[in-house]
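To start, the structure under review is shown below, and the notes come after it.
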Amino acid sequence: MFTELSSSSSSSLSLSVQPVNVCVCISFRAMASDSPIGTHHTRIVLRSAIASRLLLLTLIILWRSIVKPYDTSASINPTCLSSSSSTSASIVFPRIASAIEDSIVWDSVYFVRIAQCGYEYEQSYAFFPLLPLSISLVSRTVFALFIPLVGYRAVLGLSGYVISNIAFVLAALCLYRCVSC
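Rendered as C-alpha cells:
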C-alpha cells in the first residue's frame, strides 16, 4: 500500500491510500495469459527449459564418458547406522546402477544419504529436509518398480535428478510469469 500524507494551508492533514499493483508468483493456475501470444511465449519458455535440461544431461553423459570425474565422493557409501535401510540382494542391471550411483556427487551425496538413512551425522544438518523427503517419497512410490532393476540407492539418485529438473522447469515458468506481469 502506498500512503500519501499532505497538509494544506489551513493546518488540516489529509491521508490518502492508493493500492499498488504487485505481481506475486504463487499460483500456477494458468501460467499464461489468455492471449495466444502469452500462451506462445509460455510454450517457448517451457520448451527452452526442457531443452536445456536435456542438453545438460547429454553433456554430463558425454563428459563422464571421456574424462574421469574429479569428485570421488560418489564411491563413499557406508552402510546406514540404523538398520532401516533398504537394500536389494540382486540387481538386474548393474552397469546402469553403477552409472547412476557414480553420478551422485557433491551435495547430492548428502541428499541421497539423508533420504536413505536419515540425519546421521552433524554435517548432514546443513541440508534442509524437503528435498530428501521428496526423494524418499518419489523413490518409494513412483520409481518403486525400478528398485529391483537398479537398486535402492540408484533409484534415490534418479528420483533426486527428476525432482530437481521438474523444479527447474517450474521455476523457469514461474519466473517468466513474474517478469511478464
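According to this note's numbering, numbering within the sequence shown proceeds without interruption in unit steps and concludes at 226.
All C-beta atoms, glycine included, are put in the ideal place defined by N, C-alpha and C.
- [ ] Tell me whether residue 111 is buried or exposed, calling it buried when 16 or more other Cβ atoms sit within 10 Å of its Cβ.
- [x] For the purposes of this step, residue 111 is taken as the residue at position 66 of the sequence shown. Classification of residue 111: exposed, given that the 10 Å Cβ count is below 16.
Open item on the list: Going by DSSP, what residue range makes up the alpha helix (DSSP H) through residue 177?
Closed with: Indexing the sequence shown from 1 puts residue 177 at position 132. Looking at the DSSP string, the run of the alpha helix (DSSP H) that includes residue 177 is 175-186.
- [ ] Could you check the C-alpha separation between residue 223 and residue 216 for me, to the nearest Å?
- [x] Here residue 223 corresponds to residue number 178 of the sequence shown, with the count starting at 1. Here residue 216 corresponds to residue number 171 of the sequence shown, with the count starting at 1. CA-CA distance, residue 223 to residue 216, rounds to 10 Å.
Task: Simplified DSSP state of residue 150, which is helix, strand or coil - done: One-based indexing of the sequence shown puts residue 150 at position 105. Residue state for residue 150 is assigned as coil, using DSSP reduced to three classes.
Task: CA nearest to the CA of residue 149, picked from 197, 83, 99 - done: Position 104 of the sequence shown holds residue 149. Comparing Cα-Cα distances from residue 149 to each of 197, 83, 99, the minimum goes to 197.
TODO: Would you mind sorting residue 73 into buried or exposed? The rule is 16 or more other CB atoms within 10 Å of its CB.
DONE: Locating residue 73 in the sequence shown gives position 28, where the first residue counts as 1. In this prediction, residue 73 scores a pLDDT of 44, lower than 50, which makes its location untrustworthy; no coordinate-derived value is stated.
TODO: Given a cut-off of 8 Å, decide if residue 183 and residue 145 are closer than it, judged by their beta-carbon atoms.
DONE: Working through the sequence shown from its first residue, we reach residue 145 at position 100. Working through the sequence shown from its first residue, we reach residue 183 at position 138. Contact flag unset, no.
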